[in-house]
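**Q** Chains as they are written, first to last, in this note's numbering: chain V, 1 to 289; chain Z, 290 to 578.
Supplied in structure tokens, the structure appears directly below.
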């Protein structure tokens, strides 16, 4: 049976409606899934500007999407790019939509965004925090949580026993303690626990060579310790055409990694490639479930 | 007139002699430069093992190379991969050969290795130090020194006014202070001073998008704040086939970025690509001078 995929066009002032429409115009889309449009008539807002009216429409539509997931009217939700400023103007108190989803779904455990680029999945232990706070924020428990969450999410996409690489923090992964001790004190114990739990986890590995190995296909997933450790690699690997998956959420929710691209909104030139990828991953996860 | 390039075969127990021999076997090499071999008959040492005898031969040959540079018998020195353990066993007290060169040449200013991958040059403000010490090690002066040094080195390679990008430290380059203040307090003032001195410097720029721009050709050089910030990107861009240039040294010295590769030493399968690149860059720098 074909999965039922809810599609929300995203913030109507950006390129979301365009990439969603391009996806829906493809025969392959309808061959693959039963499409359930999410959201009512979009409000008339100026293109290319963050607007509270568009933000309110976005939040209302996301709530409708979550309700559809909860009532099993859809198996997965795919949304085109949102605009954070617009959602804030409309009163979103959360740091991002992911935490809003968690609240709506009554999810109290850890949640994190998972980035997918081609066949490579990554999640990070710390994210939007100052660089100098990263080392003190790392704990065995957080590394285990994020790694476990990444492992489960990749498994949901049809890879039952993914190979997970856990990055070190220091240059050369600390070089046996010469260049920092977080690998010895925190990361290696976390990897050991993961392996004891049955995960196919390796690490701590030097971050610079790790991504060369991951690109070659040695790993399905990479757990990074901080924002740029993963993002420098993922952006070079083409993450602007990649996908973000909601991790730690008891539902399948995906979105393109790129933003609303106000500079080209309404011009008809937006590339639907990442939206198509977000849809493909949602379908695979819905079918595998 | 053709430049005179000194070639040292590197540690004789690794792949150095092989990649040097392959380079010297190419007609193009001799068309481009007058070759001056550096080093006497190599000692007989077992292949694929760090040896104090090989280390002693390495240090003696490097001293001969530096002497040839000082007496202007050669315009540049290119050496095949060395083995740090062997040099340490032979009594090298310095952290690496670069600091040995500085001492031999009576150089007291800052020196740093510069990495070249294709047409992109990078240098880092901190290197082999624990991650948690990085933020406290950054100063306006160090960022200026390294940036100036990178600028001069690229200029020596025939690009008179290189475009230099200076990376931020924090995610999104601090996002206006929300995610860390080193950009505001240290990096931006350094970039301002560099611009006041006439450098074409931009920054602080978010590290993750910066390398995508650099790969596209927007910059000739990138100054990174810490080891992995540059190395994650450079390794993905193919730095294993790249070149290291001695920065801050009043002489032209280049070497392949890869190591002695003991696992394939003596098998005849070593790729001379990076050695050829090291030679090409040395020739360009010697001719431009």
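Note that beta-carbon positions come from the ideal geometry of N, C-alpha and C, so glycine has one too.
Quick caveat, the model's predicted, so the values are computed rather than measured.
For residue 298 of chain Z, is the classification buried or exposed, using 16 other Cβ atoms within 10 angstroms of its Cβ as the cut-off for buried?
**A** buried
**Q** Out of Z/387, Z/371, Z/360, state which residue places its alpha-carbon closest to the alpha-carbon of residue 346 of chain Z.
**A** Z/371
**Q** Here's the rule: buried if 16 or more other CB atoms are within 10 angstroms of the residue's CB, otherwise exposed. What is residue 267 of chain V?
**A** exposed
**Q** With respect to the beta strand (DSSP E) encompassing residue 79 of chain V, which residues constitute its N-terminal and C-terminal limits?
**A** 76 to 79
**Q** Applying the criterion that 16 or more other CB atoms from any shown protein chain within 10 Å of the CB defines a buried residue, is residue 1 of chain V buried or exposed?
**A** exposed
**Q** Would DSSP call residue 489 of chain Z helix, strand or coil?
**A** strand
**Q** Is DSSP giving residue 429 of chain Z helix, strand or coil here?
**A** helix
**Q** Are the C-beta of residue 377 of chain Z and some C-beta of chain V separated by less than 8 Å?
**A** no
**Q** Output, in chain order, the set of chain V residues within a Cβ distance shorter than 8 Å of residue 524 of chain Z.
**A** 208, 209, 211, 212
**Q** Can at least three beta-carbon pairs, one atom from the region 387 to 400 of chain Z and one from the region 411 to 420 of chain Z, be found at a separation below 8 Å?
**A** Short answer: they don't touch.
**Q** Using a Cβ-Cβ cutoff of less than 6 Å, which residues in the same chain neighbour residue 479 of chain Z once the five nearest sequence positions on both sides are dropped?
**A** 429, 432, 433
**Q** For a contact meaning CB atoms closer than 8 Å, what does residue 505 of chain Z contact in chain V?
**A** Neighbours of residue 505 of chain Z on chain V: none; closest Cβ ~11 Å, over 8 Å.
**Q** Could you run through the region 453 to 467 of chain Z and flag, in chain order, every residue whose CB is less than 7 Å away from some CB of chain V?
**A** Correct list: 458, 459, 460.
**Q** For residue 452 of chain Z, list the residues DSSP reports as bridge partners.
**A** Z/489
**Q** Just verifying my parser: in three-state terms, what is the DSSP assignment at residue 297 of chain Z?
**A** strand
**Q** How would you list, in chain order, the residues of chain Z whose beta-carbon sits under 7 Å from the beta-carbon of residue 228 of chain V?
**A** 460, 496, 497, 518
**Q** From the DSSP output, in three-state form, read off residue 494 of chain Z for me.
**A** Strand.
**Q** Assign residue 329 of chain Z to one of two classes, buried (16 or more other C-beta atoms within 10 Å of its C-beta) or exposed (fewer than that).
**A** exposed
**Q** Less than 8 Å separating the beta-carbons of residue 238 of chain V and residue 117 of chain V?
**A** yes
**Q** So if I threshold CB-CB distances at 9 Å, which residues from the region 419 to 433 of chain Z count as touching chain V?
**A** 419, 420, 421, 422, 423, 424, 425
**Q** For chain Z, check one thing: does any of its Cβ atoms lie closer than 8 Å to the Cβ of residue 203 of chain V?
**A** Contact with chain Z is absent for residue 203 of chain V, since none of that chain's Cβ atoms lies less than 8 Å from the residue's Cβ.
**Q** Looking at chain A, is there any beta carbon in it that lies within less than 8 Å of the beta carbon of residue 128 of chain V?
**A** No chain A appears in the structure shown, which is made up of the protein chains V and Z.
**Q** Any C-beta of chain Z sitting closer than 8 Å to the C-beta of residue 232 of chain V?
**A** yes
**Q** Have a look at residue 119 of chain V and residue 220 of chain V and give me their C-alpha separation to the nearest angstrom.
**A** Separation of residue 119 of chain V and residue 220 of chain V (C-alpha to C-alpha, rounded to the nearest whole angstrom) is 7 Å.
**Q** Have a look at the DSSP bridge pairing and note the partners of residue 115 of chain V.
**A** V/122, V/244
**Q** Is it true that the CB of residue 214 of chain V sits closer than 8 Å to the CB of residue 257 of chain V?
**A** Here residue 257 of chain V is not near residue 214 of chain V, since their CB atoms are 8 Å or more apart.
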